[in-house]
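Numbering (my numbering), first residue to last: 4 to 96. All C-beta atoms, glycine included, are put in the ideal place defined by N, C-alpha and C. All values reported here derive from a predicted model rather than from experimental measurement.
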């Protein structure tokens, strides 16, 4: 069952509904707040929509890099595993 959660950002509250565990929600919200705080723009002079878009770009870039790294590691692991199995077959022969 979905429950409401509230993200407080820039003196505003954003309500969402989720089934995620509390620790996941807290981690996500902390990351959002940290990213917001780290933006090197004068937030008082721009609209919140711009700030949130900048955050979305940063987070999406991190997601793409993470996915690429995960895929690279998966391919490397598969290659190592394949080499291991080939060497075991040679030893058994």
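Requested in this report: Work out the CA separation of residue 65 and residue 83 for me, nearest whole Å.
Outcome: On the chain shown, position 80 is the one that residue 83 refers to. On the chain shown, position 62 is the one that residue 65 refers to. Between the alpha carbons of residue 83 and residue 65 lies a gap of roughly 27 Å.
**Report entry** Whole-angstrom distance between residue 60 and residue 67, CA atom to CA atom
**Finding:** Counted from its first residue, the chain shown places residue 67 at position 64. Counted from its first residue, the chain shown places residue 60 at position 57. Each residue's Cα considered, the two are about 10 Å apart.
Query raised in the report: Out of 87, 92, 15, 27, which has the shortest C-alpha to C-alpha gap to residue 50?
Result: The residue given as residue 50 occupies position 47 in the chain shown. Closest option to residue 50, Cα to Cα, is 15.
Query raised in the report: Taking the continuous alpha helix (DSSP H) assigned at residue 30, which residues delimit it?
Result: The residue labelled residue 30 in the question sits at position 27 within the chain shown. Going by DSSP, residue 30 is part of the alpha helix (DSSP H) stretching over 25-41.
Query raised in the report: What's the gap between the Cα of residue 73 and the Cα of residue 81?
Result: As a working mapping, residue 73 is identified with position 70 in the chain shown. As a working mapping, residue 81 is identified with position 78 in the chain shown. Their backbone Cα atoms lie some 12 Å apart in a straight line.
Query - Strand pairing of residue 18, partner residues [DSSP] - result: Within the chain shown, the letter at position 15 stands for residue 18. In DSSP, residue 18 forms a bridge with 9.
Query raised in the report: Any idea what DSSP makes of residue 94, helix, strand or coil?
Result: By 1-based counting over the chain shown, the position of residue 94 is 91. In the structure shown, residue 94 sits in a helix (DSSP, three-state: H, G or I).
Query raised in the report: When the cut-off is 8 Å and only beta carbons count, does residue 70 lie next to chain C?
Result: Of the protein chains in the structure, only one exists, and it is not chain C.
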